[in-house]
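Those sequence lines, one after another, are chains A and B.
Numbering follows UniProt numbering, with no gaps: position 119 of the first sequence is 119.
Numbering follows UniProt numbering, with no gaps: position 93 of the second sequence is 93.
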Amino acid sequence: MDFLKINAIHHTYFTKTTAVTALSDVSLEVEEGEFVSFLGPSGCGKTTLLSIIAGLFEPTEGAVTLEGKRVETAENEIGYMLQQDYLFPWKTIEENILLGLKIGNSLSPDKKAYALELLAKMGLKEVESQFPKQLSGGMRQRVALVRTLATEPKLLMLDEPFSALDYQTKLKLEDLVSTTLKSFGKTAILVTHDIGEAISMSDRVFLFSARPGQLHKTFVIPKELRDATPFKARNHEAYPAIFQTIWKELESLEPAGER
Amino acid sequence: MSPQENVKFLHQKYIQSLNREKRWVRFYQMVIFLVFFSCWELASQKQWIDPLIFSSPSKVGRLFLTKIQDGTLMIDLGYTLSETVFGFILGTFLGTFLAAILWWSPMLSKISDPYLVVLNSMPKVALGPILIVALGPSFTSIVAMGAIISIIITTIVVYTSFKEVDPNYIKVLQTFGANRVQIFREAILPASFPTIISTLKVNVGLSWVGVIVGEFLVSSKGLGYMIIYGFQVFNFTLVMLSLLVIAVFATVMYQLVELLERKLIKNGS
């Protein structure tokens, strides 16, 4: 049985004057332990799809199931990390990372110790009692990852988590996130508009076309790139070829008149 | 001199210059205070201003001492202060509570919108006579005046701030499966604390207005009654004394709110 199954999703947003179809007939499957990326131009409904997978709202048509259960009923099995860290500025780092457990009424000494251990693993020591604005952007994004992982979600969704960071921090974090998730064997979906990031981090890349958002093509990343850390993958000899393939495909998606 | 010592020296100099500036600010503040009261005293004694209307600091001071000794000032002050504090707390809490209800039910907020606009534009002190008739010429009706004057504006301002909380914080909580109560407690309310505090600061002033007007109308005790009584018997020393006492205690209340602000808003700054 498939771990995550997205089955014929349609979604239309209604306003007083318009009806915009954000997603049209999107179907895909993700295996357990797999790292996949959603790549595509803006307006291809990536964030809408993530929100639907997270069970934040129901699609107009279709269904998403995680281990055979509809995601709307699943609790705390899906972690969602946003573009910016969105740490609560009035809470300390410790309160922030324990937030998910507190909301789910599952805060036990074990889980708390686990969360603090994760924090240390991310290279953040002695920051528990500090407030978010005392940390740098990269540190805050790591705290946000700990907050997401603390509830031990089965599926992790990352919505352009590195886009607000400077390039050096971004490369370092890609490595850290990739190795951390691999070591836990977590299933993850990364949304990005950075081709390099998609290639270097994932096992498969789903390319979406825009207006309406549709699944255009799926790329399987060669094994040698999958096994390397993101930073090494970017310098691997197999990297340019797959980059070119995806680049050309992305170019072909743009309507001729828009260039 | 090594570079480190140099930095230390410059830092000390910087701190000294800050302190010097602070002393000058205090100095000028004192000058304004002294000049105001001595001019007032002088002008009154030289009859440049009518001492019957404007009184003088020395007369106010003497009256203050007699009224302290016979205890009447403390009684009036006690009444007015407790009315103001109750009115202020009631107004702020009920206002925030109403805002929470409106946030909870978007439907209710749409329905009540025109009524809030009408109630907000209405001069609340005009309700005074009705309150006094309905609740009796007593403590209760004056507290009600102090509260009613700030409640609607608090509701509107706090509700607006509830709505303006970044939806991504709510999204974070929703991905953890938070219900509406949890969203309110973890994100909406704490994110709005700065706004609630700033309405508190406005409400301090408003509650004083409500209570003093209430005491004008009820005319039995309190600092507002002191003013209206002094006005009727043409004892303006009494009016001035009351005004000065109000000024002092309104400032103290404002400072207490600022203290509360520093306690409540902690985000590492």
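Beta carbons are placed, not taken as given, at the ideal position from N, Cα and C, and that holds for glycine.
Tell me whether residue i is buried or exposed, calling it buried when 16 or more other Cβ atoms sit within 10 Å of its Cβ.
i             : result
ALA85/A       : Rather than Ala, the amino acid found at residue 85/A in this sequence is Asp. Counting Cβ neighbours within 10 Å, ASP85/A comes out buried, since at least 16 surround it.
LYS67/B       : buried
VAL248/B      : exposed
VAL233/B      : exposed
GLY91/B       : buried
ILE75/B       : exposed
GLU197/A      : buried
ARG70/A       : exposed
GLY210/B      : buried
ASN105/A      : exposed
residue 300/B : This structure does not reach residue 300/B, given that chain B is present from 1 up to 269, and the question cannot be answered.
GLY71/B       : exposed
TRP208/B      : buried
LYS263/B      : exposed
VAL30/A       : buried
VAL191/A      : buried
PHE236/B      : buried
LYS46/A       : buried
Using 8 Å as the limit for Cβ to Cβ distance, is residue i near chain A?
i        : result
GLU258/B : no
PHE176/B : yes
LYS163/B : no
PRO129/B : no
LYS263/B : no
VAL172/B : yes
ASN6/B   : no
GLN182/B : yes
TYR169/B : yes
GLN12/B  : no
What does the alpha-carbon distance come out to for the pair residue i and residue j?
i        : j        : result
GLN214/A : GLU61/A  : 14 Å
ASN6/B   : TYR159/B : 53 Å
ASN19/B  : GLN12/B  : 11 Å
GLY193/B : PRO114/B : According to the sequence as given, residue 193/B is Phe; it is not Gly. Rounded to whole angstroms, PHE193/B to PRO114/B spans 26 Å at the Cα level.
PHE216/B : ILE228/B : 6 Å
MET201/A : PRO230/A : 5 Å
THR84/B  : VAL143/B : 7 Å
ILE183/B : HIS236/A : 46 Å
TRP40/B  : ARG62/B  : 15 Å
GLY146/B : ARG26/B  : 34 Å
ALA8/A   : VAL127/A : 45 Å
SER219/B : GLN16/B  : 54 Å
SER136/A : ALA241/A : 36 Å
LEU158/A : PHE38/A  : 10 Å
MET107/B : ILE101/B : 10 Å
ARG23/B  : GLN255/B : 21 Å
SER42/A  : ASN120/B : 44 Å
TYR225/B : ARG147/A : 59 Å
GLY40/A  : LYS154/A : 25 Å
LYS93/B  : LEU243/B : The sequence given here places Phe at residue 93/B; Lys does not occur at that position. So the alpha carbons of these two residues sit roughly 28 Å apart.
GLN168/A : GLU160/A : 16 Å
GLU67/A  : GLU32/A  : 9 Å
ILE212/B : VAL165/B : 36 Å
PRO3/B   : TYR14/B  : 16 Å
VAL117/B : GLY222/B : 33 Å
GLY257/A : PHE35/A  : Since pLDDT at GLY257/A reaches only 46, below the 50 mark, its modelled position is unreliable, and no value is offered.
With DSSP as the reference, identify every bridge partner of residue i, one or two as the case may be.
i        : result
GLN214/A : SER209/A
ALA63/A  : ASN7/A
LYS69/A  : LEU66/A
SER37/A  : LEU190/A and VAL205/A
ILE78/A  : LEU155/A
PHE219/A : VAL205/A
GLU29/A  : LYS5/A
ALA19/A  : PHE14/A
Given 7 Å as the limit, tell me if residue i has its C-beta closer than that to any heavy atom belonging to the ligand MG.
i       : result
TRP24/B : Among the components modelled here there is no ligand, and therefore nothing to report on the ligand MG.
Does the CB of residue i have a neighbour CB from chain B at under 8 Å?
i       : result
ALA54/A : yes
TYR86/A : yes
LEU78/A : With the sequence shown as reference, residue 78/A is identified as Ile, and Leu is not the correct amino acid for it. For ILE78/A, the answer is yes, since a Cβ of chain B falls inside 8 Å of its Cβ.
LEU82/A : yes
Against chain B, which members of the region 88-103 of chain A pass a CB distance test of less than 9 Å? The region 88-103 of chain A vs chain B, Cβ under 9 Å: PHE88, PRO89, TRP90, LYS91, THR92, LEU99, GLY100, LEU101, LYS102 and ILE103.
In chain order, what residues of the region 184-201 of chain B put their CB closer than 9 Å to some CB of chain A? Residues GLU186, ALA187, PRO190, ALA191 and PHE193.
For the region 131-159 of chain A, list every residue whose C-beta sits within 7 Å of some C-beta in chain B, in sequence order. Within the region 131-159 of chain A, those residues whose Cβ lies closer than 7 Å to any Cβ of chain B are, in chain order, PHE131, LYS133, GLN134 and THR151.
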